[in-house]
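Visitor: My questions will all concern the structure given below.
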Amino acid sequence: MKVSLNTVRALSNAVVDDDIDELVRKIGAQLGAVEEVVDYRPRYAGIVVAKVVSCIKHPNADKLSVCMIDDGGITPDVKRDDQGYVQVVCGAPNVREGLTVAWIPPGATVPTTFDNDPFVLEARELRGVVSNGMLASANELGISNDHSGLLEIEAHDVGEDLAKTGTAFGKLYGLDDVIIEIENKMFTHRPDCFGVLGVAREIAGIYGKQFTSPEWYLDIQNSTENQGVSSEALKLEVENQLLQVVPRFTVCAMNGIKIKPSPLWMQALLTRVGIKPINNVVDLTNYYSYVTAQPLHAYDYDKVASLTDGEGAKLIVRYPHEGEKVALLNGKTIAPRSEAIMIATDKELIGVGGVMGGTTTEVDENTKAIILECANFDMYSIRKTSMAHGLFTDAVTRFNKGQSALQNRVIINQVIRDTVKYAEGTLAGEVLDYVDCDKINISGDGWNDEEVAVSSSFINERLGLGLSIDDIKQTLKNVEFGFDDAGEKDIKVYSPFWRTDIALPEDIVEEVGRLIGFDKLPHELPARTMSPAVIHNELLLKKSLRSSLSSMGANEVLTYSFIQGDIMSKVGQDPSLAYKLSNALSPELQYYRMSLTPNLLTLVHSNIKSGNDRFTLFEMGKVHIKSDIDDGGLPIEFPSLGAVFTDKSQRGAAYYSVRAYIDELLDGSFALEKPENVDVSQNDRLRQLIAPYEPSRSAAILLHGEVIGVVGEFTQKVVRAFKLPPATAGFEILLSALSQVTTNSYVPLSKYPGISQDVCLEVARKVTFAELDGALSEIMNNSDLDDDITLSKRLIDIFEPAEAEVKRYTFRIHFVSQSRTLQEKLVSQRMDQIVTSLGQKINIRRI
Amino acid sequence: MHQYENVMNELRGRASEGDRSVMKSVELKSLFEEIKLMPADKKAAFGKAMNDFRQELESLLGEEKQEDNRPPIDVTAPWDVNTSYASRPQVTTSLEGSIHPLTAEIDRIIDIFARMGFYVLESRQIDNDYNMFEVLNFPEGHPARDDYDTFMTEEGLVAPAHTSTMQNRILSQNKHLLDEGQPIAFVVPGRVFRNEDLDATHEHTFHQVEGLYVSKGVHAGMLVATLKTYIKEYFAEDLQVKLQPFYFPFTEPSFEMAVERPEILRRDDSEEQRWLELVGCGMINPNVLKMAGIDPNVYTGFAWGFGVERMVMMRNSIEDIRHFNSGKLEFLRQFK
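For the protein sequence lines, the chains are A and U, in the order given.
Quick note on the working numbering: the first sequence kicks off at 117 and runs consecutively.
Quick note on the working numbering: the second sequence kicks off at 3 and runs consecutively.
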């Protein structure tokens with residue numbers, strides 16, 4: 117919202133601090149964030165009102181004139197003649213003796229060039245005659261589009277005082293303005309602050325001053341008659357079929373309209389706040405929308421009448437029929453959504469209610485009579501229509517905050533008065549005011565019906581302040597709230613009719629706190645008990661994993677939670693199981709990921725290309741799949757840990773490099789199983805998880821018999837699709853499973869030395885290490901031979917001779933007793949027994 | 003068409019033998035160049051035939067099961083056969099391990115709040131409209147929803163645009179604490195999503211840390227004091243804060259808190275550089291408490307939320323927000 121301080125001043129007794137910085141600071145602290153401050157005063161510096169005292173043709177140029185001008189002698193450092201006049205060369209067609217003009221002297225800047233590439237004038241020769249600066253058009257002065265000739269300053273326009281020579285030009289037309297732009301977001305719940313009137317009231321409030329709205333705005337009971345009702349009434353009818361979404365529709369017809377440009381002050385103001393001046397009628401509707409936040413629309417009466425069956429003009433408020441279209445003022449033709457509020461005639465649609473008018477009934481230079489519309493539209497309907505058609509107008513911005521439906525009559529009355537004043541119109545018949553009386557009580561006295569009961573203690577408890585009830589009352593009264601006393605410290609608060617945001621006592625807390633100033637809140641920490649705060653286990657786990665993995669040389673990455681369908685297909689996942697976004701930014705971000713591995717794979721090639729030959733990337737993130745839903749119907753979120761390792765120059769199987777991480781992280785409490793031995797066919801999530809991994813070169817990770825993840829190399833298809841080096845492998849584990857990992861229990865140290873013996877066992881190649889190792893462990897643990905000896909083992913070597921289909925495993929077995937020193941002989945015997953027992957389980961040969 | 007059949011058959015043959023070079027072969031290229039030379043009425047049909055042909059080649063190449071020539075391995079073994087002691091797998095793959103700057107930052111933030119007595123719970127990454135908007139006092143169609151360009155799934159689920167999506171859950175699941183005379187004190191870090199185009203300063207995926215405190219007699223000054231205490235700990239400096247009024251449907255009053263920027267992080271002496279708009283916050287709207295089954299006449303509370311990326315970028319002079327999700331080692335390894 118761009119707030120013109122001159123308009124704030126003009127509206128009422130509003131306080132405007134001359135110290136703009138302080139004002140901006142206070143607005144920021146007590147109303148809403150200030151986005152920009154544009155001070156228009158410097159751009160008119162030096163420019164003065166001057167009178168053309170003589171004007172003769174330029175001796176060397178047909179289209180130029182040489183003028184002597186009188187600036188009241190106030191401009192310094194400029195060459196003057198004997199009478200104190202200044203010579204200026206001018207090419208404007210309307211330059212003539214006696215004209216009062218704006219003179220831009222040497223050293224001053226042409227206002228329209230102020231922001232970009234400023235053009236500073238000087239005294240220079242034009243075809244041999246010196247021109248001291250220039251006389252300016254309204255366009256060059258940045259106050260209207262008119263560049264047909266010099267701006268002619270009229271005393272009846274600006275007042276005798278200001279039309280005097282030597283007046284600083286900025287004082288005219290309210291040009292010495294400052295525009296403060298306040299973030300719209302702040303006003304989402306404050307429809308009144310989309311009008312300068314609302315902001316002016318707040319400014320008074322934060323300065324602790326009583327604000328009084330203009331009389332016409334407070335004339336809610338419509339006590340003043342509209343002036344100049346025409347004898348010749350224009351027939352106007354309204355049929356509102358949509359009372360539920362158009363609770364108020366107030367219109368009137370005016371005739372005798374003379375279309376011309378609106379007054380310069382108004383054009384200049386609209387330009388400053390970003391609204392394009394059109395003509396007096398349209399500008400008036402825009403001006404009052406800017407002042408009151410109530411959007412208005414003007415139709416050409418005769419155009420509406422020509423589209424009406426029978427006599428007169430008729431506006432119909434209805435939904436569009438199927439296939440109907442409307443040509444809008446922005447040049448586009450749309451087929452409105454079926455529940456868009458439309459304004460129509462008998463014959464066709466003529467506008468989207470509350471959003472944008474249509475071209476067929478537009479006010480133009482030939483307009484003689486108008487229909488003024490001041491309506492209230494349902495904010496939700498307006499928002500939906502605006503979104504559906506991408507129409508974002510000032511009217512939408514205001515209506516979709518929910519304007520008060522109590523202000524329509526006072527506003528249309530004022531616009532009628534000004535249309536009489538600025539467009540010479542007269543009211544042609546009654547003001548028609550269609551109101552949904554079930555929802556809107558227009559017979560009220562200016563207060564909203566709902567009162568809010570609140571006490572000083574309620575307010576003080578929530579602000580931590582000690583305000584008296586009188587402080588509170590005064591603060592609210594300043595911004596025109598009303599109240600009844602309801603006890604010593606209790607009041608009933610009545611919000612004024614333009615406020616739509618006051619429903620709860622907390623809303624009063626906000627109002628009072630803000631107007632008093634939140635900088636007055638006491639900084640006081642909540643009291644705390646001695647009980648320690650508990651930290652969420654999963655977060656602690658993640659923190660420790662991050663620390664372990666990074667200390668092992670791995671790099672933590674974050675990839676998007678979203679993934680491309682194509683990537684999923686490439687790794688063998690089924691995109692139809694993934695949640696798909698209906699409004700994704702791009703195909704790359706179309707689906708929720710079902711596992712972390714695919715996104716990690718996309719990072720391998722690019723990092724190799726930028727010169728990294730060996731690395732491990734890991735990520736902790738959440739994955740989702742359609743098959744896993746919680747009791748509340750929401751997708752279960754599976755926190756997952758994924759990693760990918762690659763080494764461009766490694767020859768051996770990358771599988772083992774990655775497995776080493778699993779050994780480290782799971783601390784021996786897991787089991788690895790060939791994928792073929794694990795049935796995941798019933799589990800969509802696990803099927804998607806293992807999809808990128810090559811079954812013959814990967815393993816399922818099991819913890820307490822449950823599959824918790826996968827580790828391994830990738831399928832050839834994946835290797836090709838992601839351009840992976842041969843030595844690339846990865847793993848992915850369910851994070852929640854990791855918190856169940858139990859570390860090996862402590863074994864007491866023995867006072868006696870132990871003995872180690874190596875044993876080399878040959879098995880058929882197809883026997884896995886796990887089978888052999890498992891069997892060996894079982895025998896060692898269940899050894900019923902002698903319970904006082906503790907056995908432990910360590911794998912030393914795996915040898916596969918080239919010539920035979922066998923493998924040889926060398927284990928180092930450690931024997932220790934808690935009660936004696938072991939003899940070599942006993943150990944050897946024991947080793948033989950172990951090998952014998954093992955031989956009964958697995959076909960082995962001791963080497 | 004038939005005059006091209008020979009070339010096409012030859013390419014088919016090569017493709018079914020698994021020769022991937024056919025896709026870039028001169029023959030295939032020249033077939034496509036023929037499209038331009040076709041008479042106008044045949045151009046479209048021929049072009050389509052060529053595209054179909056290219057797809058056919060691709061499927062021939064794809065279907066062919068490339069020989070997996072990697073020697074078989076025993077996945078249950080800790081290392082491969084015949085691996086010398088020196089070449090056995092090491093977990094330390096490099097000396098350049100690193101923790102992502104954003105997760106490190108979040109750990110640091112939640113550590114401070116945990117020490118202040120807040121319980122930590124991570125935010126969801128997929129949620130419903132009910133939690134994201136409805137229970138936060140955003141009615142359907144409310145204009146405040148416009149400030150959150152949310153991603154939606156085809157099922158109508160929401161990619162949360164703020165960590166406040168956890169508020170109702172936390173309040174309703176922990177209200178027993180209030181009966182026990184304990185406050186509800188939570189911080190909620192998490193990933194959030196906004197449907198916004200990427201550039202150097204805008205991400206569609208970023209992180210927030212939400213906070214929630216409900217008890218008896220909680221007032222707005224306590225919100226300021228709590229955040230100020232956190233900020234002092236975070237910056238290791240006692241910095242000024244100021245409140246700007248703001249609007250959120252789920253708090254009343256609502257504020258934006260600006261923190262005095264530590265001098266070392268200021269680019270110049272301007273008022274603009276002096277303040278850092280850091281935290282959206284406010285007193286929890288009574289409707290939000292009510293919807294969680296908490297009586298707003300007995301209990302009051304405050305909530306806040308702030309972004310993580312901006313602080314990390316500012317503190318490390320990171321020039322482009324896109325680096326965070328880029329997975330570039332050059333970036334990551336600078337945060338050891």
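Don't be surprised by glycine CBs; every beta carbon is placed ideally from N, CA and C.
For U:Asn299, which option in U:His221, U:Leu334 and U:Asn197 has the closest C-alpha, if you only look at C-alpha atoms?
Guide: With distances taken between Cα atoms, U:Asn299 lies closest to U:His221.
Visitor: Please return the same chain residues whose Cβ sits closer than 7 Å to the Cβ of A:Ala166, not counting the five positions on each side in sequence.
Guide: Answer for A:Ala166: Ile185, Asp186, Asp187, Val217, Trp219 and Thr281, listed in chain order.
Visitor: Can you tell me whether A:Thr645 is buried or exposed? The criterion is at least 16 other CB atoms within 10 Å of its CB, across all chains shown.
Guide: With fewer than 16 other Cβ atoms within 10 Å, it is exposed.
Visitor: According to DSSP, simplified to helix, strand and coil, what is A:Glu921?
Guide: Reduced to three states, the DSSP call for A:Glu921 is coil.
Visitor: Exposed or buried, A:Gly603, counting other C-beta atoms within 10 Å across all chains shown (16 or more means buried)?
Guide: By the 10 Å Cβ count, A:Gly603 comes out exposed.
Visitor: Could you give the first and the last residue of the continuous alpha helix (DSSP H) run that contains A:Ala511?
Guide: Asp510 to Phe515 is the span of the alpha helix (DSSP H), which, as asked, contains A:Ala511.
Visitor: Count Cβ pairs between the segment 706-722 of chain A and the segment 673-684 of chain A that sit closer than 8 Å; are there 3 or more?
Guide: Yes, since at least three Cβ pairs between the segment 706-722 of chain A and the segment 673-684 of chain A fall closer than 8 Å, the two stretches touch.
Visitor: State the Cα-Cα distance for the pair A:Gln832 and A:Ser814, rounded to the nearest angstrom.
Guide: Approximately 13 Å, taken between the alpha carbons.
Visitor: What's the call for U:Ile323, buried or exposed, on a 16-neighbour Cβ count within 10 Å?
Guide: Label assigned to U:Ile323: buried.
Visitor: Going by the DSSP bridge assignment, what does A:Lys725 pair with across the sheet?
Guide: In the DSSP output, where bridge partners are listed per residue, A:Lys725 has none listed.
Visitor: If you follow the beta strand (DSSP E) that A:Asp565 is in, where does it begin and where does it stop?
Guide: Segment Trp563 to Ser571, the beta strand (DSSP E) holding A:Asp565.
Visitor: Does A:Cys553 come out as helix, strand or coil in the three-state DSSP assignment?
Guide: Coil, per DSSP.
Visitor: Kindly indicate if chain U contains any beta-carbon less than 7 Å away from that of A:Ile651.
Guide: At least one chain U Cβ lies under 7 Å of A:Ile651.
Visitor: Assign U:Leu39 to one of two classes, buried (16 or more other C-beta atoms within 10 Å of its C-beta) or exposed (fewer than that).
Guide: Flag for U:Leu39 reads exposed.
Visitor: Looking at chain U, which residues of the segment 607-639 of chain A have a Cβ within less than 7 Å of any of its Cβ atoms?
Guide: Residues Leu620, Glu622, Asp623, Val625, Glu626, Gly629, Arg630, Phe634, Asp635, Leu637, Pro638 and His639.
Visitor: Between the segment 278-292 of chain U and the segment 597-617 of chain A, can you find at least three pairs of beta-carbon atoms closer than 8 Å?
Guide: With a cut-off of 8 Å, the segment 278-292 of chain U and the segment 597-617 of chain A do not count as touching, because too few Cβ pairs lie within range.
Visitor: How would you label U:Gly295, buried or exposed, when you count the other beta carbons within 10 angstroms and need 16 or more for buried?
Guide: The residue in question, U:Gly295, is exposed, as its Cβ has fewer than 16 Cβ neighbours within 10 Å.
Visitor: In chain order, what residues of the segment 304-333 of chain A put their CB closer than 9 Å to some CB of chain U?
Guide: Residues passing the 9 Å Cβ filter: Thr304, His305 and Arg306.
Visitor: Please confirm if A:Lys659 has its CB atom under 7 Å from at least one CB of chain U.
Guide: So, interface residue.
Visitor: Check A:Thr906 in the structure and name its three-state DSSP category.
Guide: In this structure, A:Thr906 counts as strand in the three-state DSSP scheme.
Visitor: Which residues in chain A have a C-beta closer than 7 Å to the C-beta of U:Ile75? List them in chain order.
Guide: Simply Ala769, Tyr771 and Arg813.
Visitor: For A:Glu672, name the three-state secondary structure that DSSP assigns.
Guide: Here A:Glu672 sits in strand by DSSP.
Visitor: Comparing the C-beta of U:Glu66 with each C-beta of chain A, is any distance below 7 Å?
Guide: With a pLDDT of only 48 at U:Glu66, under 50, the local geometry of the prediction cannot be trusted, and no value is derived from it.
Visitor: For chain A, is any of its Cβ atoms less than 7 Å away from the one on U:Val93?
Guide: Yes, its Cβ sits closer than 7 Å to a Cβ of chain A.
Visitor: Classify A:Ile950 as helix, strand or coil using the three-state DSSP reduction.
Guide: Of the three classes helix, strand and coil, the one that applies to A:Ile950 here is helix, per DSSP.
Visitor: Below 8 Å, can you find three or more Cβ-Cβ pairs linking the segment 789-798 of chain A to the segment 866-882 of chain A?
Guide: In short, these stretches do not touch, since the Cβ pair count stays below three.
Visitor: Using only CA atoms, which one of A:Lys742, A:Val168 and A:Lys195 lies nearest to A:Thr211?
Guide: Residue identity check: residue 211 of chain A is Val in the sequence provided, not Thr. Ranking A:Lys742, A:Val168 and A:Lys195 by Cα distance to A:Val211 puts A:Val168 first.
Visitor: Is it right to say A:Lys517 is buried, meaning 16 or more other beta carbons lie within 10 angstroms of its own, or is it exposed?
Guide: Classification of A:Lys517: buried, given that the 10 Å Cβ count is 16 or more.
Visitor: Let me know the secondary structure DSSP gives A:Pro808 once reduced to three states.
Guide: Of the three classes helix, strand and coil, the one that applies to A:Pro808 here is coil, per DSSP.
Visitor: Could you check how far apart the C-beta atoms of U:Ile128 and A:Tyr333 are, in whole angstroms? I think they sit under 8 Å.
Guide: 49 Å between Cβ atoms; not a contact.
Visitor: Counting only C-beta atoms, is A:Arg499 closer than 7 Å to chain U at any point?
Guide: By this cut-off, A:Arg499 is an interface position.
Visitor: With distances taken from CA atoms, which of A:Gln939, A:Thr616, A:Ile849 and A:Ala451 is nearest A:Ala409?
Guide: If we check each option's Cα against that of A:Ala409, A:Thr616 comes out closest.
Visitor: What would DSSP say about U:Gln1, mapped onto helix, strand or coil?
Guide: Given a span of 3 to 338 for chain U in the structure shown, any question on residue 1 of chain U remains unanswerable.
Visitor: Just to make sure I have the definition right: I need the residues of chain U whose C-beta is within less than 9 Å of the C-beta of A:Ser677. Which are they?
Guide: Correct list: Gln127, Ile128, Ala161, Arg193, Phe195 and Thr207.
Visitor: Would you say U:Gln246 lies against chain A (beta-carbon separation less than 7 Å)?
Guide: It does; some Cβ of chain A falls within 7 Å.
Visitor: Should U:His164 go down as buried or exposed, given a rule of 16 or more other Cβ atoms within 10 Å for buried?
Guide: Answer is buried; the Cβ neighbour count reaches 16.
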